[in-house]
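In what follows, a structure is listed as structure tokens, so that the remarks can point back to it.
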Amino acid sequence: MVIMPDGSGSTQRIVVVEDTESAALLQRILAAAGYEDVRVPAVPMEAETLLETADPDLVVLDLQLPGVDGFAMLERVVSTGVPTLVLTADDTPTTRRRALGLGARDFVTKPLDRVEVLLRVGNLLQTRRLQRALEDRNQDLQRWVRARTADLEDARRETLERLAMAAEYRDDDTQQHTKRVGRTAALLAKQLGLSAETVDHLRYAAPLHDVGKIGIPDAVWLKPGALTDAERAMLEQHTEIGGRILAGSRSPILRLAEQIARTHHERFDGTGYPHQLEGDAIPLAGRITAVADVFDVLAHPRPHKKAWPLEQAIEEIVNQAGRQFDPEVVAAFRRLDGRSLLDPVEDPSALRRAA
Ligand SMILES: [Fe+2]
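Per numbering that gives the first Met the number 0, the very first residue in the sequence shown carries number 0; after that it's consecutive.
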């Protein structure tokens, strides 16, 4: 075993692609110098297989082997990132330039000089060792960055959940309404064939649809009876207030949440608020959340109303296709299992903590 300057022994693997006689000589030279793991294909034609399975640290390759295109093999070895020491009896500049151009790291001309071979092999293996150490370090760093990024993303999502929770606290201290709206919106988005990323973003953005209600006085938001015109106008402000609370973020989830807060009370027929947008002029996220929100309100009890029976709540959504709601979103809604939409939503934060 070769003892390296850092005190470690070399277990690095060398593959020698050479004719039988020279390979035996090289093996003896390398073994005498302490390189224990030197592999030689039985015949040069089997070199490809050996190179694939051996994971070498260095390939010593003769460019002029009978029946083997040395330059083509050099190109393949170089493409794997393994340093290659080229042996050649042809010491012309043309051959050298061609081999270097293909990525050969170094040359030894034949007949072989023992000292020269060992110096060049030692240099290349040391470089290889540093290269491997750098790759390992990079992989560690990448793992670390991935883990920290996941933590950060987790914290951001949890903050969004807690913002929705804060907004909802006055009239639903279980926050199940907002969570169910998030889940139903995500299911609708999936039914509509939207990307997995959009589905995921909607799951976290839709629960913030009513965040603007923290700017509406209780006397209006929680008023049991009919609202005056002035009170209704004030209540409708929750869309714009929510939009302002969420505006200007770089986060795609928050940007989506802003869009939803501003448009979830628009109606497909153009008679909603605050801007009487019509049809496709209403962002799809707003059209989706409108269905998820209204269905959930209908199907659950509120302080001043009973829950509608499931079938009746579904029927109301269907009846509003083309009026309050986008018919395509309603069609997607009909494909969902209505009963499962009533199930409580597990706390995603608790799930994350348990994970
Ligand atoms: Fe709302």
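Positions of the beta carbon are idealized from the N, C-alpha and C atoms, including for glycine.
Residue i, buried or exposed, once every other Cβ within 10 Å from all chains shown has been counted against 16
i      : result
Val76  : buried
Thr197 : buried
Thr177 : buried
Asp209 : buried
Arg179 : buried
Gly247 : exposed
Gly321 : exposed
Gly69  : buried
Ala166 : buried
Pro65  : exposed
Gly211 : buried
Gly181 : buried
Glu152 : exposed
Tyr34  : buried
Residue i vs residue j beta-carbon contact at 7 Å
i      : j      : result
Leu245 : Leu234 : no
Gly242 : Ala260 : yes
His274 : Pro223 : no
His263 : Gly278 : no
Gln11  : Asp56  : yes
Ala185 : Leu201 : yes
Gly298 : Thr183 : Reading off the sequence, residue 298 comes out as Ala, not Gly. Against a cut-off of 7 Å, the Cβ pair of Thr183 and Ala298 comes out as no contact.
Val328 : Ile287 : yes
Ala98  : Val85  : yes
Gln174 : Pro343 : no
Phe267 : Phe324 : yes
Leu123 : Pro82  : yes
Ala22  : Val15  : yes
Leu73  : Leu60  : yes
Leu117 : Ala32  : yes
Asp105 : Arg119 : yes
Ala204 : Ala146 : no
Gly358 : Ile316 : For residue 358 there is no data in the structure shown, the boundaries of the chain being 0 and 354.
Gln141 : Arg334 : no
Leu62  : Thr87  : yes
Pro40  : Val67  : no
Arg113 : Ile28  : yes
Where residue i falls: helix, strand or coil (DSSP)
i      : result
Gly301 : The question names Gly, but residue 301 is Arg in the sequence shown. DSSP places Arg301 in strand when its eight states are reduced to three.
Arg169 : coil
Ile13  : strand
Ala71  : helix
Pro343 : coil
Glu315 : helix
Ala291 : helix
Ile46  : Per the sequence presented here, residue 46 reads as Ala, with Ile not at that position. Ala46: helix per DSSP, three-state reduction.
Gln174 : coil
Ile281 : coil
Gly337 : helix
Val77  : helix
Gln275 : coil
Thr19  : helix
Ala306 : coil
Gly33  : coil
Gly66  : coil
Counterpart residues of residue i in DSSP-defined beta bridges
i      : result
Asp371 : Residue 371 falls outside the range modelled here, since the chain spans only 0 to 354, and no answer is possible.
Arg38  : Val14
Phe324 : Ala320
is_contact[residue i, chain D] using C-beta, thresh 7 Å
i      : result
Lys305 : The displayed structure is made up of one protein chain only, and chain D is not part of it.
Can you list, in chain order, the stretches of the alpha helix (DSSP H) that have 4 or more residues and sit fully within the stretch 190-272?
-> 195-204, 217-220, 228-245, 251-262
What beta strand (DSSP E) runs, 3 residues minimum, are completely inside the stretch 92-153?
-> 105-108
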